[in-house]
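For reference, the structure is listed below as structure tokens.
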Amino acid sequence: MQTLLPREALLEPLRRMVRARPRAVLAGVGALALAGGIAAFGSARLIAQIEGDRGIAPVITTGDIEINGIQVDVQGKTAAEARQAGWHDAYKQAWAKAGGPEMGADAIGNLVSAVVVESEQLGPHRYRATLGIVFDRGKASGFLAGHGPTGGLRSAPMLVMPVLYSGGVAQVYEVRGVWQKAWAEFHTGASAIDYVRPQGSGSDSLLITAGQPGRRSRIWWRALLDRFGASNVLIPEARLERQWPGGPVKGTFTARLGPDNTLIDSFTLTAPDEGQVPAMLAQAVLRFDQIFTQAMTSGQLKSDPTLSVDHPTIDPGLAQLIRTGEAAAAEQAAARARAEADALAGQAQPTPAPTPEAKPAASSSALSVQFASPDAAAVDQALGGVRETKGVEGAATTSIAIGGTSVMRVTFGGTAAELAAALRSRGWQVTVAGNTLRIHR
């Protein structure tokens, strides 16, 4: 005969196990969120939020420049000659798409690090193929400086936050989504935007959520961007609407920028059925890259000064009112002091002569200067050259990439155009895009 235990007796061992589970001591940005989750839901549910099969690592993590979709159709005396001629033709086409100067096929071939064969047909005297050409950025960056649609410029590191709305649910990294997969598979080497793409695993799913773009706290945003080494945030938003089961899928895509969720542009695409959604999302990523690149060349895509640790956390307008009030109070105190001094001296108070208005001091600008840095000597040379330029109050590197493009932050008593003119007078070749300058000898 079996003895049935009461329900509370069965649940009590489980409660003791949950109470005995250690709670992690967390630091940094996620400490408050994680501690709140422990207090409200218990450690078992909190662990379920960060465990599981999630996170997609970017497939391309190098800075190489990859140009895909190059089609060739050439003939030769033999199959080997035809194939070699086809590859040389692909080199020239890819180099032109990358915005490089006119060069011979052999010279361009020395800059190629890999050839990706997407498809090919080889005959006795003919070669037809679709190829992808990968250029080594360390070797090619010096030739691409000042060329191409962006003038060789490259943006500051930008954190990508791909938000997906599908089936009435918003998500970023909570699950392995198709929108995150599309961004993880995007080849960023040929882009002028320096994308910072989180993997989405571990604490990423807690720190970066669909509600994050709605936050306005600069303190929170500073900590989050510092966590990923970025200077600003890009928010490519995708909203999928299914017309009927198995039918067309409409995608509405919106490009937003910064902690204020500023709208840049939007567009729509349509997939004929559910199986074509990944191809539609891959096409949308390319459109987003074009939108962000245009925003960079127009000066819209830049670092937000309110995210700097040196920037006051109070509203800029309120800070200006406080400074104005303090200046007026100081002027009144000085006038009273002069009046008391005249009274003690027994002198009549003379009528004050109108004082000429002081000319406002030239405001200093914080500008970003990019330069090629094949070695450490090139970094020292660029820093020294900029610091010795007239009007420069200070210059310090913010990003060093030996063999690539480094970035320095320059404080200059004038505008970006005036700094460009001063650098040109010292023998530098300068390209200006908003508050960003690209220099090379």
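All letters in the sequence shown, in the order written, are residues 1160 to 1600 by the working numbering.
Ideal Cβ positions, reconstructed from N, Cα and C, are used throughout, including at glycine.
For residue 1318, which residues of its own chain have a beta-carbon under 8 Å away from its beta-carbon, when the five flanking residues on both sides are left out? 1355, 1357, 1383, 1384, 1387, 1389, 1391, 1392, 1393
Where does residue 1418 sit, in a helix, a strand or coil, going by DSSP? coil
Three-state secondary structure assigned by DSSP to residue 1295: coil
Range covered by the alpha helix (DSSP H) that runs through residue 1463: Run containing residue 1463: none; DSSP gives neither H nor E here.
Measuring alpha carbon to alpha carbon, tell me which of 1320, 1527, 1217 ends up nearest residue 1597. 1527
Completely contained alpha helix (DSSP H) runs for the segment 1313-1384, where each covers 4 or more residues: 1337-1343, 1363-1366
Any chance the segment 1227-1235 sits against the segment 1277-1289, with 3 or more Cβ pairs inside 8 Å? yes
Can you tell which of 1498, 1283, 1316, 1369 has the C-alpha that lies nearest to the C-alpha of residue 1566? 1316
Using the three-state DSSP reduction, which class does residue 1224 fall into: helix, strand or coil? strand
Considering residue 1260, what are the terminal residues of the alpha helix (DSSP H) in which it resides? Premise fails: residue 1260 is in no alpha helix (DSSP H) and is neither H nor E.
Pick from 1419, 1560, 1401, 1443 that is closest to residue 1412, judged by C-alpha positions: 1443
Any contact between the segment 1540-1555 and the segment 1570-1581? By contact I mean 3 or more CB pairs, one from each, below 8 Å. yes
With a cut-off of 8 Å, do at least 3 Cβ pairs link the segment 1480-1494 to the segment 1343-1352? no
Nonlocal neighbours in the same chain, by C-beta distance under 7 Å from residue 1367, ignoring five residues either side: 1320, 1331, 1332, 1357
Need the endpoints of the beta strand (DSSP E) that residue 1399 sits in, please. 1391-1401
Suppose the cutoff is 8 Å on Cβ atoms and the five residues either side in sequence are ignored; what does the same chain contact list for residue 1380 look like? 1374, 1392, 1418, 1466
Mapping DSSP to helix, strand and coil, what is residue 1253? helix
Hey, quick one: how far does the alpha helix (DSSP H) through residue 1279 stretch, first residue to last? Segment 1271-1281 is the beta strand (DSSP E) holding residue 1279; no alpha helix (DSSP H) there.
Short of 7 Å in beta carbon distance, which residues of its chain neighbour residue 1546, apart from the five on each side in sequence? Order them along the chain. 1554
Which of the three DSSP states is assigned to residue 1547 in this structure? coil
Given this structure, state the Cα-to-Cα distance separating residue 1275 from residue 1595, to the nearest angstrom. 34 Å
Out of 1574, 1398, 1490, 1241, state which residue places its alpha-carbon closest to the alpha-carbon of residue 1592. 1574
Just verifying my parser: in three-state terms, what is the DSSP assignment at residue 1585? coil
Mapping the DSSP letters down to three states, classify residue 1289 as helix, strand or coil. strand
What residue from 1523, 1525, 1563 has the CA that sits closest to residue 1538's CA? 1563
Going by C-alpha to C-alpha distance, which of 1248, 1398, 1582 sits closest to residue 1338? 1398
Closest to residue 1543 by CA distance: which of 1504, 1523, 1502, 1587 is it? 1587
Using beta-carbon positions only, say whether residue 1428 and residue 1460 come within less than 8 Å of one another. no
State the Cα-Cα distance for the pair residue 1421 and residue 1414, rounded to the nearest angstrom. 9 Å
Pairwise C-alpha distance: residue 1262 and residue 1299: 12 Å
From residue 1185 to residue 1370, what does the alpha carbon distance come to, in whole angstroms? For residue 1185, the predicted structure reports a pLDDT of 34, less than 50, and the residue's modelled location is therefore unreliable. A value from the coordinates is still provided. So the alpha carbons of these two residues sit roughly 22 Å apart.
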